[in-house]
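Enquirer: Got a structure here, written out as structure tokens. Questions coming.
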Amino acid sequence: MTGPTTNFPAVATTEEEVSTADQRPDADAAGALYRYEGAPVPLPKNQGHFVLRFWRSAVGKKWVMAVSGIVLLGYVLAHMLGNLKVFLGSEQINRYAEWLRDLGEPAFPRSVVLWGMRVVLIAAFVFHIVAAAQLSRMNHRARPVKYQSPRDYAAANFASRTMRWTGIIIALFVVFHLLDLTWGTANPDFHRGDVYDNVFNSFERVPVAIAYIAAMIALSIHIFHGAWAMFNSLGINNPKYNEWKRVFAGGFALVILVGNVSMPLLIVTGAVTR
Ligand code: HEM
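Numbering (our numbering), first residue to last: 14 to 287.
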């Protein structure tokens with residue numbers, strides 16, 4: 014027997030290479046290697062545009078999750094700050110909602126800028142969910158058999174382990190929320206254009222207020238881990254920044270929790286009335 018040839022990668026590195034290792038043409042029936050003297054076997058080439066290859070890779074999907082996550086975080090914060098005007102009275106919040114529709118006028122026709130922002134938001138939402146689902150499938154394929162011993166959760170806290178479930182709750186919440194406060198289908202006393210009354214009509218009903226509060230808790234848990242993971246996905250994972258990352262993720266989640274829960278809570282308990 015002679016040494017290995019150069020026509021094959023020395024070490025099987027991909028799943029496919031590992032599974033076809035026993036079919037190598039330079040191995041005999043018993044699997045022993047001999048010098049391969051056939052035609053050179055081409056190595057698989059990278060296929061497709063680099064953007065597509067990036068999207069297909071785990072690193073690419075993590076980037077997409079992080080960048081779309083930043084857009085969503087920005088929206089959630091801006092939306093909350095706008096909604097808190099409900100405590101300033103009907104005139105303030107209704108004028109703000111009108112201003113959003115007029116944004117960009119007269120350079121753009123009414124609602125065009127708002128629709129532009131909606132398109133970006135919808136795209137971020139879709140990319141975030143698709144990348145998460147595909148990453149989870151890739152992880153599952155890499156470890157199809159469950160851990161045989163109890164998992165060591167030292168590096169995974171409650172928030173990180175529940176990302177899928179808090180994510181599903183948020184998606185269901187958004188559907189209900191649009192039916193409730195944008196289209197009015199789920200809100201019996203909905204009046205188009207009267208944001209102030211719509212919010213009160215909604216939050217004065219106990220089951221609705223409870224649903225909002227529960228969803229906001231899920232959202233904050235999701236943000237707590239997501240805002241932390243976002244830095245790692247973008248390559249900012251030097252341990253010297255850990256403290257800052259923790260403060261940012263925890264602070265952001267807390268602000269969103271307090272701000273968003275205050276509205277249904279203070280209205281349903283009658284602490285704030287119209
Ligand atoms: C207590 C918390 C919240 C309140 C009081 C609230 C209130 C509202 C109101 C009044 C509208 C309709 C605005 C209008 O028609 O002018 C709206 C729309 C919307 N909300 Fe919320 N919201 C809350 C939390 C959230 C959260 C956490 C999310 C996302 C996770 C969200 C996502 C949306 C979306 C996507 C729309 C549609 C925006 C559009 O028409 O372009 N909301 N919200």
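Where is the CB? At the ideal position from N, CA and C, for every residue including glycine.
(1) Tell me whether Ile183 counts as near the ligand HEM, meaning its Cβ is closer than 7 Å to at least one heavy atom of that ligand.
(2) Helix, strand or coil for Leu56, going by three-state DSSP, please let me know.
(3) Just to confirm the assignment, what range does the alpha helix (DSSP H) spanning Phe4 have?
(4) Of the choices Arg123, Ala52 and Ala145, whose alpha-carbon is the least far from that of Val72?
(5) I need the DSSP call for Leu148, collapsed to helix, strand or coil.
(6) Give me the residue from Gly197, Phe244, Trp68 and Val126 with the minimum Cα distance to Ile83.
(7) Whole angstroms is fine: what's the gap from Thr179's alpha carbon to Ala227's?
(8) What number of angstroms, rounded off, separates the C-alpha of Pro53 from the C-alpha of Leu134?
(9) Take Val268 as the anchor and find which of Glu118, Gly87 and Ala284 has the nearest alpha-carbon.
(10) Just checking, does the segment 92–107 make contact with the segment 207–217 on the three C-beta pairs under 8 Å criterion?
(11) Rounded to whole angstroms, what is the Cα-Cα separation between Arg218 and Ala284?
(12) For Asn96, is the classification buried or exposed, using 16 other Cβ atoms within 10 angstroms of its Cβ as the cut-off for buried?
(13) Report, in whole angstroms, the separation of the C-beta atoms of Ile234 and Thr175, which I expect to be a contact under 8 Å.
(14) Sorted by chain position, which residues of the same chain lie with C-beta nearer than 8 Å to Val125's C-beta, five sequence neighbours on each side aside?
(15) Heavy atom of the ligand HEM less than 7 Å from the Cβ of Leu232, yes or no?
(16) Just the Cα atoms here: how many angstroms apart are Pro122 and Ala240?
(17) Excluding sequence positions up to five away, which residues of its chain have a Cβ less than 7 Å from the Cβ of Thr26?
Expert: This is what the structure holds:
(1) Residue numbering aside, residue 183 sits at position 170 when the sequence shown is read from its first letter. Checking the Cβ of Ile183 against the ligand HEM gives yes.
(2) The sequence position of residue 56 within the sequence shown is 43, counting from 1. Coil.
(3) Since the first residue of the chain shown is 14 and the last is 287, residue 4 is not available in this structure.
(4) By 1-based counting over the sequence shown, the position of residue 72 is 59. Taking only the C-alpha atoms, the option nearest Val72 is Ala145.
(5) Indexing the sequence shown from 1 puts residue 148 at position 135. Three-state result, Leu148: helix.
(6) Mapped onto the sequence shown, residue 83 falls at position 70. Nearest option by C-alpha distance: Phe244.
(7) Walking along the sequence shown from the start, residue 179 turns up at place 166. Walking along the sequence shown from the start, residue 227 turns up at place 214. If you take the alpha carbons of Thr179 and Ala227, they lie about 10 Å apart.
(8) Looking up residue 53 in the sequence shown gives position 40. Looking up residue 134 in the sequence shown gives position 121. Between Pro53 and Leu134, the C-alpha separation is close to 50 Å.
(9) Reading the sequence shown from its first residue, position 255 is the one you call residue 268. Residue Gly87 is the option with its Cα nearest to Val268.
(10) When C-beta atoms of the segment 92–107 are compared with those of the segment 207–217, three or more pairs fall below 8 Å, so the two segments count as touching.
(11) Taking the sequence shown and counting its residues from 1, one reaches residue 218 at position 205. Taking the sequence shown and counting its residues from 1, one reaches residue 284 at position 271. For Arg218 and Ala284, the distance between alpha carbons rounds to 14 Å.
(12) Reading the sequence shown from its first residue, position 83 is the one you call residue 96. Buried.
(13) Translated into positions along the sequence shown, residue 234 becomes position 221. Translated into positions along the sequence shown, residue 175 becomes position 162. Going by Cβ atoms, the distance from Ile234 to Thr175 rounds to 6 Å, so yes, they are a contact pair.
(14) Translated into the one-based positions of the sequence shown, residue 125 becomes position 112. These residues qualify, in order along the chain: Gly117.
(15) Locating residue 232 in the sequence shown gives position 219, counting from the first residue. Yes, the ligand HEM has a heavy atom inside 7 Å of this Cβ.
(16) If you number the sequence shown from 1, residue 122 lands on position 109. If you number the sequence shown from 1, residue 240 lands on position 227. The alpha-carbon atoms of Pro122 and Ala240 are separated by roughly 36 Å.
(17) In the sequence shown, counting from the first residue as 1, residue 26 sits at position 13. Summary for Thr26: the model assigns pLDDT 49, below 50, so the residue's position carries little reliability; its value from the coordinates is reported in the next sentence. Once the five neighbours on either side are set aside, Thr26 has no close Cβ partner at all.
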